Amino acid sequence: MSVPTRVVVRNPNSGDGKRTKRAKSIATDRGWEVLDSQGGDHTVELAAEAADRADTVVACGGDGTLNKTVKGVQEAGKLDAVSLGVLPAGTGNDFADNIGIRGIDHAFEVIESGECRRLDLGIANDRPFLNSCVGGLTAESSAKTSGSLKRRLGVLAYVLTTLSVARDFEGLTLHVSVGPDRNPTWSGDALMLLVGNGRRFPGEQMRQANVEDGMVNAVIIKDAPALDYLSRGAADKLLRRKASHLTRIKSSHLHVTHDGDPVQFSLDGEMIETNELSVDSERGAMQFFVGDSYDPDPEEWSKPVPG
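Using full-length UniProt numbering, read the sequence shown as starting at 1 and increasing by one per residue.
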């Protein structure tokens with residue numbers, strides 16, 4: 001029986017650098033190949049190269065590194081042939097957390113002896129995303145978002161910072177349709193649009209996001225309630241269940257147009273600008289190693305989430 005070939009695509013600058021350094025040491029001791037990325041498109045290139053010769057391609061870094069690694073495997077046309085894993089070592093590790101990966105040591109155990117499942121991949125304007133696609137963020141909010149808030153809330157940290165600093169933000173005029181026939185569903189003025197694939201937003205009444213249902217979950221923030229957006233618990237209050245300032249949509253396909261200038265959208269941290277967005281969930285598009293606490297069919301809580 002042949003020994004599985006595992007290649008790690010590592011971002012040495014992820015997080016504080018300590019976990020990526022430790023991950024490289026452990027991987028090398030186990031006979032795994034480690035490729036160090038210089039960042040950006042280099043991560044995509046290394047992942048595509050690794051996919052041509054590996055049984056498993058592993059991203060070592062945060063959500064951004066994972067996104068680019070999956071993109072590289074996708075561009076190589078190897079999503080069906082290669083298994084994927086993650087060594088969570090970044091500032092934000094939302095996807096690893098959602099699939100039950102508790103840390104570096106646990107990740108190695110899972111990749112070597114855990115379960116590999118078919119998970120959904122979000123696609124926005126032909127670009128992949130694993131966690132979320134968020135529209136309405138500003139460059140100002142990105143620069144002013146603290147590291148501690150990012151570690152605690154991931155992309156929601158940018159959402160809260162935007163709402164706290166962009167007091168003159170005019171918002172978005174959106175038209176949202178769903179399904180393959182693009183049935184009109186919602187039109188109006190909004191502050192932000194959040195679309196989740198492997199990201200559970202507060203108020204969704206689930207312990208984890210469902211990444212096997214072929215659906216994306218969208219949250220339209222229509223206006224901003226009076227909150228201290230940088231306080232603990234602000235995300236839960238902003239996105240609380242059945243809040244009147246929110247509209248929630250669940251579909252396999254979303255089509256969004258914006259009246260006016262192009263809007264910034266963040267795909268797992270990668271910024272694009274557009275005034276027309278097509279979002280699909282490709283059901284079971286990737287094979288991913290998941291932790292033992294991962295639930296393939298998470299049920300909604302019987303009671304609304306507090307806050």
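Every residue gets a Cβ at the ideal spot worked out from N, C-alpha and C, and that includes glycine.
This one's a predicted model, so the numbers in the text were calculated from it and none came from an experiment.
Which one of the options has the shortest CA to CA distance from residue i?
{"i": "alanine 157", "options": "Gly92, Val110 and Glu109", "result": "Gly92"}
{"i": "histidine 245", "options": "Val290, Ala190 and Gln287", "result": "Ala190"}
{"i": "leucine 174", "options": "Ala50, Gly135 and Phe95", "result": "Gly135"}
{"i": "valine 279", "options": "Val263, Asp295 and Ser252", "result": "Ser252"}
{"i": "arginine 10", "options": "Gly291, Pro4, Asp52 and Asp63", "result": "Asp63"}
{"i": "asparagine 131", "options": "Lys78, Asn98 and Ala89", "result": "Asn98"}
{"i": "arginine 283", "options": "Leu121, Gly15, Ser14 and Ala51", "result": "Leu121"}
{"i": "glycine 196", "options": "Val263, Trp186, Gln208 and Lys71", "result": "Gln208"}
{"i": "serine 25", "options": "Gly114, Asp105, Arg118 and Thr257", "result": "Asp105"}
{"i": "arginine 248", "options": "Asp261, Leu193 and Tyr294", "result": "Leu193"}
{"i": "phenylalanine 95", "options": "Phe129, Lys71 and Gly179", "result": "Phe129"}
{"i": "serine 113", "options": "Cys133, Ile123, Gly90 and Ser83", "result": "Ser83"}
{"i": "valine 86", "options": "Phe288, Gly179 and Leu254", "result": "Phe288"}
{"i": "valine 290", "options": "Pro4, Arg117, Cys133 and Asp181", "result": "Arg117"}
{"i": "valine 211", "options": "Glu273, Thr5, Pro296 and Asp259", "result": "Pro296"}
{"i": "histidine 255", "options": "Met286, Asp261, Ala218 and Glu273", "result": "Ala218"}
With a 10 Å radius around its C-beta and 16 neighbouring C-beta atoms as the bar for buried, classify residue i as buried or exposed.
{"i": "glutamine 74", "result": "buried"}
{"i": "threonine 28", "result": "exposed"}
{"i": "alanine 81", "result": "exposed"}
{"i": "aspartate 126", "result": "exposed"}
{"i": "serine 302", "result": "Because the pLDDT at serine 302 is just 33, under 50, the model does not fix this residue reliably, and the value given afterwards should be weighed accordingly. That one is exposed."}
{"i": "arginine 53", "result": "exposed"}
{"i": "proline 88", "result": "buried"}
{"i": "glycine 77", "result": "exposed"}
{"i": "arginine 30", "result": "exposed"}
{"i": "proline 304", "result": "Legend: pLDDT at proline 304 = 31, less than 50; position of this residue unreliable, no value from coordinates given."}
{"i": "glycine 188", "result": "exposed"}
{"i": "asparagine 183", "result": "exposed"}
{"i": "serine 14", "result": "buried"}
{"i": "lysine 242", "result": "exposed"}
{"i": "proline 298", "result": "buried"}
{"i": "glycine 203", "result": "At glycine 203, the pLDDT of 48 sits below 50, so the modelled position is not reliable; the number obtained from the coordinates is stated separately. Counting Cβ neighbours within 10 Å, glycine 203 comes out buried, since at least 16 surround it."}
{"i": "serine 148", "result": "exposed"}
{"i": "serine 293", "result": "exposed"}
{"i": "lysine 18", "result": "exposed"}
{"i": "lysine 21", "result": "exposed"}
{"i": "glycine 179", "result": "exposed"}
{"i": "glycine 72", "result": "buried"}
{"i": "residue 333", "result": "Only positions 1 to 307 of the chain appear in the structure, and residue 333 is not among them; the question remains open."}
{"i": "glycine 40", "result": "exposed"}
{"i": "glycine 61", "result": "buried"}
{"i": "glycine 198", "result": "buried"}
According to DSSP, what are the bridge partners of residue i?
{"i": "isoleucine 249", "result": "Ala218"}
{"i": "histidine 42", "result": "Partner(s): none; histidine 42 has no beta bridge."}
{"i": "arginine 6", "result": "Thr56"}
{"i": "valine 195", "result": "Cys133 and Ala218"}
{"i": "glutamate 49", "result": "In the DSSP output, where bridge partners are listed per residue, glutamate 49 has none listed."}
{"i": "glutamate 276", "result": "Thr257"}
{"i": "tryptophan 186", "result": "Val176"}
{"i": "aspartate 29", "result": "Answer is none; aspartate 29 lacks a bridge partner."}
{"i": "valine 34", "result": "Val8"}
{"i": "valine 211", "result": "Valine 211 is not bridged to any residue."}
{"i": "valine 290", "result": "Glu115"}
{"i": "valine 159", "result": "Answer by DSSP bridge pairing: none, since valine 159 is not bridged."}
{"i": "leucine 267", "result": "Cys133 and Glu270"}
{"i": "serine 281", "result": "Gly122"}
- request: Take every Cβ of the stretch 268-281, pair it with every Cβ of the stretch 51-70, and state whether three or more of those distances are shorter than 8 Å.
  value: yes
field: Runs of beta strand (DSSP E) wholly within the stretch 57-143 (minimum 3 residues, chain order)
entry: 83-88, 115-124, 127-129 and 132-135
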